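Visitor: The listed protein sequences derive, respectively, from chains P and R.
Numbering that gives the first Met the number 0 applies: residue 0 is where the first sequence begins, and numbers increase by one.
Numbering that gives the first Met the number 0 applies: residue 0 is where the second sequence begins, and numbers increase by one.
Where a beta carbon is used, it is the ideal one built from N, C-alpha and C, also for glycine.
Owing to the predicted nature of the structure, the values given are computational and were not obtained by experimental measurement.
There are 2 protein chains.
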Amino acid sequence: MTLACDTCPVRAKAACSALTDEERSALARLGRTRELKRGERLFAAGDEITACATLIEGALKVAATDAEGNESILALVHPAGFIGEMFAPFPSYEVTALTDSRVCQFSRAHLEAAVERHPALGIALLQRAQEDLHSARELLDLSRRKTAAARVAGLILAFARAASDSPCHPAESFDLPLTRGEMAAMLGLTIETVSRQLGELEAMGAIARKGARGIALVTPAQLGELAV
Amino acid sequence: MTLACDTCPVRAKAACSALTDEERSALARLGRTRELKRGERLFAAGDEITACATLIEGALKVAATDAEGNESILALVHPAGFIGEMFAPFPSYEVTALTDSRVCQFSRAHLEAAVERHPALGIALLQRAQEDLHSARELLDLSRRKTAAARVAGLILAFARAASDSPCHPAESFDLPLTRGEMAAMLGLTIETVSRQLGELEAMGAIARKGARGIALVTPAQLGELAV
DNA sequence: CGAATCTTTGAAGAATGTCAAAAGCTGTGG
DNA sequence: CCACAGCTTTTGACATTCTTCAAAGATTCG
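1. For P:Q196, return the contacting residues in chain R, with the cut-off set at a CB-CB distance below 9 angstroms.
2. Helix, strand or coil: how does DSSP classify R:S142 here?
3. In chain P, which residues lie less than 7 angstroms from R:D131 when you measure between Cβ atoms?
4. Give the secondary structure of R:D164 by DSSP, where H, G and I count as helix, E and B as strand, and everything else as coil.
5. Beta-carbon within less than 7 angstroms of R:S163's beta-carbon, same chain only, minus the 5 sequence neighbours each way: which residues are those?
6. For P:A113, collect the residues of the same chain with a Cβ closer than 7 angstroms to its Cβ; drop the 5 residues on either side in sequence, then sort them by chain order.
7. Could you check the C-alpha separation between P:A52 and P:F42 for me, to the nearest Å?
8. If distances are taken between C-alpha atoms only, which option among R:R40, R:K60, R:L54 comes closest to R:A30?
9. Return the chain-ordered ranges of every beta strand (DSSP E) run that is complete within the stretch 79-134 of chain P and spans a minimum of 3 residues.
10. Kindly list, in the order they appear in chain P, the residues whose Cβ is closer than 7 angstroms to that of R:V114.
11. Please report the straight-line C-alpha distance between R:E22 and P:L125, rounded to a whole angstrom.
12. Could you pull out every residue in the same chain whose Cβ sits closer than 8 angstroms to the Cβ of R:G45, ignoring the five residues on either side in sequence?
13. Measure the Cβ-Cβ separation of R:Y92 and R:L110 and say whether it is below 8 angstroms.
14. By how many angstroms is the C-alpha of P:R107 removed from the C-alpha of P:I155?
15. Out of R:R143, R:M182, R:L188, which has the shortest C-alpha to C-alpha gap to R:R212?
16. For P:G223, which residues in the same chain have their Cβ closer than 7 angstroms to its Cβ, ignoring the five residues on either side in sequence?
17. Using CA atoms only, rank isn't needed, just tell me which of R:H77, R:L200, R:E130, R:T98 is closest to R:V217.
18. Could you check where the beta strand (DSSP E) with R:I214 kicks off and where it finishes?
19. Which runs of the beta strand (DSSP E) fall wholly inside the stretch 3-88 of chain R and span at least 3 residues, in chain order?
20. Looking at R:E70: is its Cβ nearer than 8 angstroms to the Cβ of R:T64?
21. What does R:A87 touch in chain P if you count any residue whose Cβ is under 9 angstroms from its own?
22. How would you write the range of the beta strand (DSSP E) that R:A207 sits in, first residue to last?
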């Protein structure tokens, strides 16, 4: 499958935007796009072949699964996000599609060569890695909040900010991008506790719900206080 | 204070090892070393000036503190580790010395210029950022283990591996680098729970303790099972 | 429309947090 | 060398929160 960088929806935001059109085209010939259906796995922990990818559309999750099958979600990946460990011997975590997705995938060797040839690409990847590090630390902080109420309130605020066009103000209403189980796996709680906390938040008038996924922020300030 | 790269104990491992001696000397003239006593802060969240640093000796912690003064430890930094967000507008977290430490500090502007001039430095920083990301995700996974026993057992194993010379086998005996309170802040538990779990681990014969900090691994396999 | 999945709700039990106090360790100064 | 002050660690009893187990209600999608 051939890459069509010219019509790529993330061509302005992805790491490859650090390259000129010709440089990007040369890199494109070494990669390929891959379509993933919801629930399909892009990488698995321990895979022998290590690849890297940029998410074009959809959403992915990075997760660890323990022996009993409990999943711990370590990161969400949005379009233009980069996935892949360029220096580790093999992938450490599973990467799975949350919704139908499309990625632009490269072998690690090709990407390494491109980074050596084009310093700007390395800088773009460095920026992305530092942003990912920041996100991981935010999630770490959120996952350790003392009460379940603080964790759920904080997650809803995070989703509201991500759903908003403006960087400052959270969206007033939006759809939760995750199931209860996935929210639980992001917060270190059980499905039931997440469900009950959402009910509490609605009962106390901080949010309103429409169906299982729809959320409206009634009192954002109250949410912020609950999130501590 | 002038930098003495020639005698720097981390000259072979730090990011600046990607540079030639002359390049490093040029960069060195723009930086300065700084000594920190135990508990002293290197950066605070919200500081206006953003700086970057390499740890030369000692140990640092990256932490977030909430309104009630509860600390959540997001990362430990060992010698040759790099600290600093090169692309964020201001530092997001506090960086504090766990023990008396010495760092090699640069302004962000100088470091950015050096990265543009020396692509190998950018690649070295990229590798470090991806390693830090990996560590953050490991800690995230550890912090979400269901039981306090699994978290404490996992942390002890992580310390044992860090204390070992060989990368494969954990050290058989070592000193805990953190207080109970700091361990609690790494795991999302209370001091009392950490203390009780250590007692349990000793009572069941997985570890032996010598004083408040000394640990000997009696049954590493048992620890591994407890850590799930 | 029906099957599968996801969500909600309830009741009971286990685990951790909280509060309080004793014991151990460390470093300073007499 | 000892004594003391300050800090860290341990231990106990109790309250609270979360998890577990179970089952019924929604929602989604073929």
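Guide: Let me spell this out:
1. In the first sequence, residue 196 of chain P corresponds to position 197, counting from 1. Under the 9 angstroms cutoff, chain R gives no residues; its nearest Cβ is about 16 angstroms from P:Q196.
2. Counting from 1 along the second sequence, the entry for residue 142 of chain R is found at position 143. The answer is helix: DSSP assigns R:S142 an H, G or I state.
3. Taking the second sequence and counting its residues from 1, the one referred to as residue 131 of chain R is at position 132. In chain order: L132.
4. Here residue 164 of chain R is taken as the residue at index 165 of the second sequence, counted from 1. Of the three classes helix, strand and coil, the one that applies to R:D164 here is coil, per DSSP.
5. Residue mapping note: residue 163 of chain R aligns to position 164 of the second sequence, counting from 1. The answer, listed in chain order, is P169, A170.
6. By one-based count along the first sequence, residue 113 of chain P stands at place 114. The residues are L26, L120.
7. Here residue 52 of chain P refers to the residue found at position 53 when the first sequence is read from its first residue. Here residue 42 of chain P refers to the residue found at position 43 when the first sequence is read from its first residue. Looking at the two C-alpha atoms, the distance is approximately 10 angstroms.
8. Working through the second sequence from its first residue, we reach residue 30 of chain R at position 31. Checking the displayed sequence, the identity of residue 30 of chain R turns out to be Gly instead of Ala. Closest option to R:G30, Cα to Cα, is R:L54.
9. 93-96, 100-106
10. Within the second sequence, numbered from 1, the residue matching residue 114 of chain R stands at position 115. Within chain P, the residues near R:V114 are I122.
11. Counted from its first residue, the second sequence places residue 22 of chain R at position 23. Counted from its first residue, the first sequence places residue 125 of chain P at position 126. Between R:E22 and P:L125, the C-alpha separation is close to 21 angstroms.
12. As a working mapping, residue 45 of chain R is identified with position 46 in the second sequence. The residues are F89, P90.
13. Position 93 of the second sequence holds residue 92 of chain R. Position 111 of the second sequence holds residue 110 of chain R. Their beta carbons are not under 8 angstroms apart, which means R:Y92 does not touch R:L110 by this criterion.
14. Against the first sequence, residue 155 of chain P aligns to sequence position 156. Against the first sequence, residue 107 of chain P aligns to sequence position 108. If you take the alpha carbons of P:I155 and P:R107, they lie about 36 angstroms apart.
15. Your numbering for residue 212 of chain R matches position 213 in the second sequence. For the residues R:R143, R:M182, R:L188, the minimum Cα distance to R:R212 belongs to R:M182.
16. Here residue 223 of chain P refers to the residue found at position 224 when the first sequence is read from its first residue. Excluding positions up to five away in sequence, the list reads L156.
17. By one-based count along the second sequence, residue 217 of chain R stands at place 218. Out of R:H77, R:L200, R:E130, R:T98, R:L200 has the C-alpha closest to the C-alpha of R:V217.
18. Mapped onto the second sequence, residue 214 of chain R falls at position 215. Looking at the DSSP string, the run of the beta strand (DSSP E) that includes R:I214 is 213-216.
19. 31-35, 40-42, 50-56, 59-64, 70-76
20. Taking the first residue of the second sequence as position 1, residue 70 of chain R is located at position 71. Taking the first residue of the second sequence as position 1, residue 64 of chain R is located at position 65. Yes, the Cβ-Cβ distance between R:E70 and R:T64 is below 8 angstroms.
21. Taking the second sequence and counting its residues from 1, one reaches residue 87 of chain R at position 88. Per Cβ cutoff of 9 angstroms: Q129, E130, H133.
22. Position 208 of the second sequence, counting from 1, holds the residue named residue 207 of chain R. Segment 206-209, the beta strand (DSSP E) holding R:A207.
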